[in-house]
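A.B. asks:
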Amino acid sequence: MLFALRMSLMGLHFILAGVLGVILGVCRPFNPDNSRLCARLYAVPAMWILRLRVKAEVDTLMNKAHSSVIIANHQSNYDLFVFGNVVPRRTVCIGKKSLKWVPLFGQLFWLAGNVLIDRGNAIKARKSMLTTTHTLQHEDTSIWVFPEGTRNLGEELLPFKKGAFQMAIAAGVPIIPVCVSTYIKHMQLNRWRSGDILIRSLPAIPTTGLSMDDMPRLIAQCREQMRECIETMDRQLQIG
1 MLFALRMSLM GLHFILAGVL GVILGVCRPF NPDNSRLCAR LYAVPAMWIL RLRVKAEVDT
61 LMNKAHSSVI IANHQSNYDL FVFGNVVPRR TVCIGKKSLK WVPLFGQLFW LAGNVLIDRG
121 NAIKARKSML TTTHTLQHED TSIWVFPEGT RNLGEELLPF KKGAFQMAIA AGVPIIPVCV
181 STYIKHMQLN RWRSGDILIR SLPAIPTTGL SMDDMPRLIA QCREQMRECI ETMDRQLQIG
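The sequence shown begins at 1 in the UniProt record's numbering and counts up one residue at a time.
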């Protein structure tokens with residue numbers, strides 16, 4: 001019963017947040033800070049409805065001095081609400097072009113200045129990547145990427161795709177890994193308190209002076225740091 005009520009409230013919330021987000025996007029289209037505001041619009045009420053308690057330790061994310069490529073593990077569609085609490089100012093996200101056709105959310109995503117990539121068209125995808133490199137270098141805007149490319153459903157991290165690391169090296173900006181504990185298998189939405197979630201950002205990893213030849217090592221370094229962080233947070237939650 002509680003689960004059904006929550007899902008009904010979440011459906012209503014998703015529609016209302018989408019309407020408000022589209023209005024914000026129309027009022028100031030493609031402003032790179034729209035994403036942060038819309039993320040909060042989705043996340044804050046959702047955490048109250050779902051009764052998920054999120055503890056965030058993200059000083060390295062919130063206090064970043066310059067444009068960065070932010071990478072995060074991707075578990076489920078609930079990531080929209082979980083990570084929405086920690087999106088920093090002037091940060092846009094990379095998503096699939098097909099998102100544009102999702103009612104309200106797709107239009108909000110586009111108007112918020114996020115980058116839509118057509119992964120089925122190599123030429124258009126490369127052009128989008130070049131645009132994001134210019135954005136990182138000249139527009140004081142960070143890019144949020146899920147390097148796994150798809151949801152891992154709470155299993156171990158999937159292999160990382162190259163795009164985020166190519167952008168960071170090309171632009172010469174640091175990479176900031178952001179990790180969330182394995183929540184998708186432990187949420188109990190049929191209970192009043194659904195569970196605890198930890199989010200932690202790691203120290204920025206510089207890319208200045210790196211070339212594309214260094215990319216495999218950089219990918220392996222980021223993935224291993226994130227894997228260790230996720231395992232540590234999961235153990236903390238088990239002990240607690």
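For every residue, glycine included, the Cβ atom is placed at its ideal position computed from N, Cα and C.
Check whether the Cβ atoms of I205 and Q188 lie closer than 8 Å to each other.
C.D. replies: It is not a contact, given that the beta carbons lie outside the stated cut-off.
A.B. asks: What number of angstroms, rounded off, separates the C-alpha of R89 from the C-alpha of T207?
C.D. replies: Roughly 22 Å between the two C-alpha positions.
A.B. asks: Taking contact to mean at least 3 C-beta pairs separated by less than 8 Å, is the stretch 62 to 71 in contact with the stretch 132 to 140?
C.D. replies: As far as the Cβ criterion goes, the stretch 62 to 71 touches the stretch 132 to 140, which means the pair count is three or higher.
A.B. asks: R28 by DSSP, collapsed to three states: which one?
C.D. replies: Coil.
A.B. asks: Helix, strand or coil, according to DSSP, for L136 in the structure here?
C.D. replies: L136: helix per DSSP, three-state reduction.
A.B. asks: Can you name, in chain order, every residue of its own chain whose Cβ lies under 8 Å from the Cβ of M212, other than the five neighbours on each side?
C.D. replies: The residues are Q166, I169.
A.B. asks: State the CB to CB distance for the pair G84 and A43, rounded to an integer number of angstroms; the pair is presumed to be in contact (CB under 8 Å).
C.D. replies: Contact holds; Cβ gap of about 3 Å.
A.B. asks: Should the stretch 142 to 156 be regarded as contacting the stretch 98 to 106, the criterion being three or more beta carbon pairs within less than 8 Å?
C.D. replies: The stretch 142 to 156 vs the stretch 98 to 106: no contact.
A.B. asks: Spatial neighbours of G154 within its chain, please: CB distance less than 6 Å, with the 5 preceding and 5 following residues excluded, ordered by chain position.
C.D. replies: Contacts found: Q75, T182, I184, K185.
A.B. asks: Specify, as a first and last residue, the run of the beta strand (DSSP E) that I205 falls within.
C.D. replies: No beta strand (DSSP E) contains I205, which DSSP labels as neither H nor E.
A.B. asks: Would you please state the rounded distance, in angstroms, between the beta carbons of R200 and V58? I believe it to be under 8 Å.
C.D. replies: The pair is a contact, with the Cβ atoms about 7 Å apart (cut-off 8 Å).
A.B. asks: Which first and last residues belong to the beta strand (DSSP E) in which G95 is found?
C.D. replies: It spans 91 to 96 - the beta strand (DSSP E) in which G95 sits, taken as one unbroken run.
A.B. asks: Would you say Q188 lies against chain E (beta-carbon separation less than 8 Å)?
C.D. replies: You won't find chain E in this structure, because it holds only one protein chain.
A.B. asks: Using DSSP with H/G/I as helix, E/B as strand and the rest coil, what is K55?
C.D. replies: Three-state DSSP puts K55 in a strand.
A.B. asks: Suppose you measure from the CA of N73 to the CA of L157; what does that come to, to the nearest Å?
C.D. replies: Cα to Cα, the separation comes out at about 7 Å.
A.B. asks: Among the residues of its own chain, which have a CB less than 8 Å from the CB of I230, if the five just before and after it don't count?
C.D. replies: So the qualifying residues of the chain are N73, L157, C179, V180, S181, T182.
A.B. asks: Restricting to Cα atoms, I'd like to know which of V54, K100, M62 is closest to Y78.
C.D. replies: If we check each option's Cα against that of Y78, V54 comes out closest.
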